[in-house]
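All remarks here apply to the structure that follows.
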Amino acid sequence: MLMNMQTRQQSISYVGCISQMYFFMLFGGLDNFLLAVMAYDRYVAICQPLHYTTIMREGLCLLLVAGSWNLSCGHALLHILLLVRLSFCADNTITHYFCDLAALVKLSCSDTFLNDMVIFTEGGMIFFLCFGIILGSYIRIATIMLRVPSTKRLSKAFSTCGSHLSVVSLYYGTAAGVYFFSSSWGSKDIIASVMYTVATPMLNPFIYSLRNRDIKQALEMCVNRVKFF
């Protein structure tokens, strides 16, 4: 997108488009899995705090991260292999601002039944599996919190889960609206996709790091210097 804005050219080669789509699906899938892993981490931290160090040991963390990478690579490669077998005929104008899988499949003049089936089954399984883990973790956390309610415990739980919940709401809310509740691409769908492809990654450093005490102190120092000058 930045290159298009700089060069004022909105074209991309076939190989470049396929490469862009592979990395988009790779990191998009990785985002799904890591959000689910983080939700499980918060569940253990709040519901089983005394066993946290034994459950979330280094070996398990490495296994979860490696599994997320491997599953994401397999997910992206599967859709790429199914896409390269399709033919593209006359109009090769993508109604999107990047090479999105759904937009490219609709652009093809071949039979896309298999592609559509894999997108809805395999893609849907990954989406609902990760979202189910996140939802289950927070339902369990809410159950524990409401069993013995206290302002201090609720405040601590929100401090632990607030940043993660913010990212999950932005990411899954807009992604679900684009891929599951729209029948055709329109300006509203493209704007919604900007939220989880551009806005959410840009907000991540602020959402997560503003809970860090050192970051807060550095930010306060910068604000005070600006006020002084």
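The letter at position 192 of the sequence shown is residue 191 when you use numbering that gives the first Met the number 0, and the numbering goes up by one with no holes.
From the three backbone atoms N, C-alpha and C, an ideal C-beta is built for every residue, glycine too.
Alpha helix (DSSP H) segment containing residue i, residue limits
| i | result |
| --- | --- |
| Ser18 | Tyr13 to Cys46 |
| Leu49 | Leu49 -> no alpha helix (DSSP H), and no H or E assigned at all. |
| Gly122 | Per DSSP, Gly122 belongs to no alpha helix (DSSP H) and is neither H nor E. |
| His74 | Glu57 to Leu82 |
| Ala101 | Leu100 to Leu106 |
| Ile206 | Thr199 to Ser208 |
| Met4 | Leu1 to Thr6 |
| Asn114 | Phe112 to Val117 |
| Gln216 | Arg212 to Phe227 |
Presumed contact (8 angstroms Cβ cut-off) between residue i and residue j, rounded CB distance
| i | j | result |
| --- | --- | --- |
| His247 | Gly15 | Residue 247 cannot be examined here, being either before or after the span of the chain that is shown, 0 to 228. |
| Leu63 | Val36 | 5 angstroms |
| Tyr137 | Ala38 | 7 angstroms |
| Ser162 | Tyr207 | 5 angstroms |
| Arg139 | Tyr42 | 6 angstroms |
| Tyr195 | Leu169 | 7 angstroms |
Rounded separation between residue i and residue j - CA only
| i | j | result |
| --- | --- | --- |
| Cys46 | Thr53 | 14 angstroms |
| Gly131 | Asp90 | 39 angstroms |
| Leu1 | Leu80 | 28 angstroms |
| Phe87 | Phe22 | 21 angstroms |
| Leu33 | Phe228 | 42 angstroms |
| Cys160 | Asp99 | 31 angstroms |
| Gln8 | Met24 | 24 angstroms |
| Arg56 | Val104 | 42 angstroms |
| Thr173 | Pro48 | 33 angstroms |
| Met4 | Gln216 | 36 angstroms |
| Met124 | Thr94 | 26 angstroms |
| Cys108 | Leu85 | 8 angstroms |
| Cys60 | Ile11 | 38 angstroms |
| Ser154 | Gly135 | 20 angstroms |
| Phe112 | Arg212 | 52 angstroms |
| Thr92 | Asp110 | 19 angstroms |
| Phe119 | Arg224 | 53 angstroms |
| Val117 | His78 | 8 angstroms |
| Arg152 | Gly122 | 37 angstroms |
| Leu128 | Lys226 | 48 angstroms |
| Phe26 | Ser158 | 27 angstroms |
Classification of residue i by the beta-carbon crowding that lies within 10 angstroms, buried from 16 upward
| i | result |
| --- | --- |
| Thr6 | exposed |
| Val167 | buried |
| Asp30 | buried |
| Leu76 | exposed |
| Leu82 | buried |
| Ala65 | exposed |
| Ala102 | buried |
| Ser192 | buried |
| Ile133 | buried |
| Ser67 | buried |
| His50 | exposed |
| Cys221 | exposed |
| Gly58 | exposed |
| Met20 | buried |
| Ala156 | buried |
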